[in-house]
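Undergrad:
Numbering (the working numbering), first residue to last: 5 to 994.
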């Protein structure tokens, strides 16, 4: 036994001190005769403490300290040399796959030494390699060979650039006869295959597995997600200590572009490899390798598909609204595979770009079109998208893209179906590949007979050939090409009815490409699919002269990696690989890792392309080192665990002694009173009490664990829940309360009576009710974070059925189908009379109301004007006025000048000053700004609805208006009273 930290053994010198401290006895008490003390002799103590610790307890504590000291000294039991496994045949099995390259020299030297030892002992030797042969022939059972022949084979061996095939090896070894032999297995330590290989080895004889402890099993795999910096992923077998590595980035000419340090944390099995380089330098990367780890596993090749092509996104200067903006889906589709440049046409044309994408409406200026036309003639590629502006430009539609006097029920929503211009004219003069018909074609909808169309298969001449078309991609609107004789020659993608979807035309040295749908999800769901990403990537590659196939095109190997990670000519057994099979083909002798296909269509097949993680293999026999010794056994964990167990035992024994249990050796005569024993036998009451306490504690712990697990899985309930079957007496979380059917059961206290909550009127429309709940929840959280008010979750109520007296503020979204009832009107009248405030929101303007002076950003809410009049007909609504920033509601908490919601510049109506009861507090607030959508926060903490037109700043003002409304409902006109404080003080002084 050896100690890695021998200085810690000096801690054993503390054992005598521990013995002395634990055996110390206080001095004998002095006897002093005092008559009054005689009265105490009749008392009998209920519990007697021992004078000193028992000897057995002292030994337990000393053993715990000794184990702790020895464990800190880190003792190690050296592994002994494994004796010879017999004198029969020796089967030498060697892993020579790609994971054996890191320790190849030591592996060959160890195998040479094993062959020499067996030769000196006169044993028959059988040699077998687990990696498939380079010639592609299946593995054959090993036959006895001379030691010289095996040495010659070992000298000429190199690691294979593919993994071992232990399943094929097991099949070959299973045919060997069962002899009194032994097996020496030089393993790489990486799991693959099943138990058949281990059974085949054990069937031959005892197995001694040799592993190299200093070997570092690492591999570089393609990044899980392609981003601007994450270019690779490092996989490794976890080790207890961190490892410092370096990544070398190679250029296409073999030079080194960068050497990046990398630290793999202890116990980590994988990590991303960031390569932060400029785009121009990044596009020159040909391969990435680990310094000092030369193998096919630690070499990652890149092909033309890994380059970031510069792409320009043309903007019109306006802000791009999320989800509905023309660049939203384009930006997300191209970001992983392209170097994006956004800007105006003048800005983009000044940059060295080969592709410019122009959404609808960005090429309306003739001067800009002429500049872009000259750029295309010089070799640029222009990708255009249709939309309302392009459709309207063909026949003079309205500015918003609508068609005046369009006949209903036709596929072509135009007044006539003739070309906008002469079809024989050159459409490229307007930067269009083909001439277009007037307007746009509507597919599907309530006003048409047609249905949305799907995409047809791509032609062999199309750059999209080979892409898989999802079945759920449909087109609902498109611009139609003029039917000319050569239309098929310009067609790259079409719908199932034959109408073009993507057309192209050459202009000078460049190309013009038109998507006959918009770049948003308004005209189709193509931008929402993965096909959209693949189509844009194909077009950018096509514009840069790269045509990477994805069909059944056979790509022949050009350069392949050997086991040392060096590119060279392909081996004779290498075969071509279909372009569609690269994603799921593992490397093998027929398909070695390397580069396939011509330069313009080159694809890379990496040795680690099918690997997601590395797992350590379980030993198949007795594990030894290359020197033939068993691994050292560390005793420190065992000793430290034993010390912890002894200390825990000591604590339990002390607790048992205090509870009154009597154990051997715990009875001792008290030196001060020889006639009385300090016995620790428990009385019957003490034992019974301890047993009852244990019996009561176990169920309590079990129910506590059950309750904890239930709370972790179930949603948080309101505090008014009386039990698992209790029904709330008031509305909870957007559902109206149902009174308990049992009249005898006690009525639980409503949650709104225990905490302040907001409420909203349930309309019966799930979408509106969900937004109301999310909006009031978001407003409550905002108020709790910024004021002293503490609001609970909002409740959904039905006036006339639920009690409204618990709520200070009621949010009422108006729907066109809402109908009042006498009970609803009476409940709202009582609510307003007792100080409640009703916030009425039409959530937009009625489009049929032509006299309304609403702001420019207003949602369309048809029928809400008549519904508002119908619902408020029986309510005591005081005379109203338009609220200004001088009103009390504008400065109850925040100083506000505008009161927006989802829409800005909408009027807000409140009671005229002096016309309202309850201290002149307006009982009703009416508006159309759609505040609930602006306040709404979903379960993930996101704001799912856009706010127009000012975005985040406008949403902040909407929240502040909501806070002012809550403070106004809670405190009334106290702010107005503050204004009159000087006058009140003056009157009191008089």
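For glycine and all other residues, C-beta sits at the position ideal for the given N, C-alpha and C.
1. Would DSSP call residue 409 helix, strand or coil?
2. Where in the region 589-617 do unbroken runs of the beta strand (DSSP E), each at least 3 residues long, occur, reported from the N-terminal end onward?
3. Pull up the distance between the alpha-carbon of residue 894 and that of residue 968, whole angstroms please.
4. DSSP three-state call for residue 248: helix, strand or coil?
5. How would you call residue 536, buried or exposed, if buried means at least 16 neighbouring beta carbons within 10 angstroms?
6. Can you look up residue 743 in the DSSP assignment and give me helix, strand or coil?
7. Could you give the DSSP three-state label for residue 496: helix, strand or coil?
8. Residue 862: which of 254, 951, 240 sits nearest, CA to CA?
9. Determine, using beta carbons only, whether residue 621 and residue 195 come nearer to each other than 8 Å.
10. How would you call residue 14, buried or exposed, if buried means at least 16 neighbouring beta carbons within 10 angstroms?
11. Return the residue from the list 577, 929, 220 that minimises the CA-CA distance to residue 137.
12. Skipping 5 residues on each side, what residues in its chain have a beta carbon closer than 8 Å to that of residue 474?
13. On the DSSP letters alone, give me the boundaries of the beta strand (DSSP E) that residue 142 sits inside.
14. Alpha carbon to alpha carbon, how far is residue 18 from residue 135?
15. By the three-class DSSP mapping on this structure, what secondary structure does residue 899 have?
16. Given that a residue counts as buried once 16 or more other Cβ atoms are within 10 Å of its Cβ, and exposed if not, what is residue 71?
17. At the level of alpha carbons, what is the spacing between residue 75 and residue 245?
18. Under 8 Å by Cβ, that's how I've got residue 841 and residue 927 pegged, so tell me the actual separation to the nearest angstrom.
19. To the nearest whole angstrom, what separates the beta carbons of residue 200 and residue 171, a pair I think is in contact under 8 Å?
20. Alpha carbon to alpha carbon, how far is residue 645 from residue 790?
21. Can you check whether the CB of residue 342 is closer than 8 Å to the CB of residue 365?
22. Quick one, which of 312, 273, 148 has its alpha-carbon nearest residue 618's?
23. May I ask which residues mark the beginning and end of the beta strand (DSSP E) holding residue 116?
24. Around the Cβ of residue 444, are there at least 16 other Cβ atoms within 10 angstroms (buried) or fewer (exposed)?
25. Assign residue 881 to one of three DSSP states: helix, strand, or coil.
26. If we call anything under 8 Å between Cβ atoms a contact, is residue 497 one with residue 459?
27. Could you check whether residue 779 and residue 939 sit closer than 8 Å to each other, using their CB atoms as the reference points?
28. Label residue 10 either buried or exposed according to how many other C-beta atoms from any shown protein chain fall within 10 Å of its C-beta, with 16 as the threshold for buried.
29. Bridge partners of residue 582, per DSSP?
30. Below 8 Å between beta carbons: does that hold for residue 845 and residue 818?
31. For the beta strand (DSSP E) containing residue 133, name the first residue and the last one.
32. Counting only the same chain and skipping the five closest in sequence on each side, list residues whose C-beta sits under 7 Å from that of residue 696.
33. Within the chosen definition, does the region 872-886 reach the region 957-968 through at least 3 CB pairs nearer than 8 Å?
34. Of the residues 630, 317, 253, which one's Cα is nearest the Cα of residue 306?
35. Quick one: what's got a C-beta closer than 8 Å to residue 293's C-beta in the same chain, skipping five residues either side?
36. Grab me the residues of residue 291's own chain with a C-beta within less than 7 Å of its C-beta, minus the 5 sequence neighbours each way, in chain order.
TA: Let me lay it out:
1. On the chain shown, residue 409 is found 405 positions in, with the first residue counted as 1. The predicted model places residue 409 with a pLDDT of 37, which falls under 50 and marks its position as unreliable, so this point remains unresolved.
2. 598-600, 607-609
3. Indexing the chain shown from 1 puts residue 894 at position 890. Indexing the chain shown from 1 puts residue 968 at position 964. Distance between the alpha carbons of residue 894 and residue 968: 7 Å.
4. Your numbering for residue 248 matches position 244 in the chain shown. Residue 248 sits in a strand when the DSSP states are folded into three classes.
5. For the purposes of this step, residue 536 is taken as residue 532 along the chain shown, with counting starting at 1. When all chains shown are included, residue 536 counts as buried.
6. Taking the chain shown and counting its residues from 1, the one referred to as residue 743 is at position 739. Residue confidence is low: residue 743 scores 42 on pLDDT, short of 50, so the model does not pin down where it sits. No coordinate-derived value is stated.
7. Within the chain shown, the letter at position 492 stands for residue 496. Strand, per DSSP.
8. By one-based count along the chain shown, residue 862 stands at place 858. Nearest of 254, 951, 240 to residue 862, Cα basis: 951.
9. On the chain shown, position 617 is the one that residue 621 refers to. On the chain shown, position 191 is the one that residue 195 refers to. For residue 621 and residue 195, yes; Cβs fall inside 8 Å.
10. Residue mapping note: residue 14 aligns to position 10 of the chain shown, counting from 1. Under this definition residue 14 is an exposed residue.
11. The residue given as residue 137 occupies position 133 in the chain shown. Nearest C-alpha to residue 137: 577.
12. Residue 474 sits at position 470 when you count from the first residue of the chain shown. Excluding sequence neighbours, residue 474 sits near 533, 534, 535.
13. Position 138 of the chain shown holds residue 142. It is not in any beta strand (DSSP E) - residue 142 carries neither H nor E in the DSSP assignment.
14. Mapped onto the chain shown, residue 18 falls at position 14. Mapped onto the chain shown, residue 135 falls at position 131. For residue 18 and residue 135, the distance between alpha carbons rounds to 58 Å.
15. Counting from one through the chain shown, the residue named residue 899 turns up at place 895. Three-state result, residue 899: coil.
16. Taking the chain shown and counting its residues from 1, the one referred to as residue 71 is at position 67. When all chains shown are included, residue 71 counts as buried.
17. Numbered from 1 along the chain shown, position 71 holds the residue referred to as residue 75. Numbered from 1 along the chain shown, position 241 holds the residue referred to as residue 245. When rounded, the separation of the alpha-carbon atoms in residue 75 and residue 245 is 20 Å.
18. Locating residue 841 in the chain shown gives position 837, counting from the first residue. Locating residue 927 in the chain shown gives position 923, counting from the first residue. That pair is a contact at about 6 Å.
19. In the chain shown, the residue the question calls residue 200 occupies position 196. In the chain shown, the residue the question calls residue 171 occupies position 167. That belief holds up - the Cβ atoms of residue 200 and residue 171 are roughly 7 Å apart, short of 8 Å.
20. By one-based count along the chain shown, residue 645 stands at place 641. By one-based count along the chain shown, residue 790 stands at place 786. The alpha-carbon atoms of residue 645 and residue 790 are separated by roughly 51 Å.
21. Here residue 365 corresponds to residue number 361 of the chain shown, with the count starting at 1. Here residue 342 corresponds to residue number 338 of the chain shown, with the count starting at 1. The answer is no: Cβ separation not under 8 Å.
22. One-based indexing of the chain shown puts residue 618 at position 614. Taking only the C-alpha atoms, the option nearest residue 618 is 273.
23. Against the chain shown, residue 116 aligns to sequence position 112. Segment 108-124 is the alpha helix (DSSP H) holding residue 116; no beta strand (DSSP E) there.
24. Locating residue 444 in the chain shown gives position 440, counting from the first residue. Answer is buried; the Cβ neighbour count reaches 16.
25. Translated into positions along the chain shown, residue 881 becomes position 877. Here DSSP, grouped into helix, strand and coil, assigns residue 881 to coil.
26. The residue given as residue 497 occupies position 493 in the chain shown. The residue given as residue 459 occupies position 455 in the chain shown. Against a cut-off of 8 Å, the Cβ pair of residue 459 and residue 497 comes out as a contact.
27. As a first step, residue 939 is located in the chain shown; it is residue number 935 there, counting from the start. As a first step, residue 779 is located in the chain shown; it is residue number 775 there, counting from the start. In contact: residue 939 and residue 779 (Cβ atoms closer than 8 Å).
28. Taking the first residue of the chain shown as position 1, residue 10 is located at position 6. It is exposed - the Cβ of residue 10 has fewer than 16 other Cβ atoms within 10 Å.
29. In the chain shown, the residue the question calls residue 582 occupies position 578. Looking at the DSSP assignment, residue 582 forms a beta bridge with 558.
30. Numbered from its first residue, the chain shown carries residue 845 at position 841. Numbered from its first residue, the chain shown carries residue 818 at position 814. Cβ atoms of residue 845 and residue 818: closer than 8 Å.
31. To locate residue 133, count along the chain shown from 1; it is residue 129. Start and end: 129-133.
32. Your numbering for residue 696 matches position 692 in the chain shown. Unreliable placement is indicated for residue 696, whose pLDDT of 40 sits below 50; the coordinate value is still reported in the next sentence. Counting only Cβ-Cβ distances below 7 Å, and skipping sequence neighbours, we find nothing.
33. no
34. Walking along the chain shown from the start, residue 306 turns up at place 302. Out of 630, 317, 253, 253 has the C-alpha closest to the C-alpha of residue 306.
35. Taking the first residue of the chain shown as position 1, residue 293 is located at position 289. Excluding residues within five positions, the ones whose Cβ falls inside 8 Å are 224, 251, 252, 254, 302, 303, 304, 569.
36. Indexing the chain shown from 1 puts residue 291 at position 287. Close CB contacts of residue 291 within its chain, under the 7 Å cut and outside five residues either way in sequence, are with 254, 303, 304, 305, 306 (chain order).
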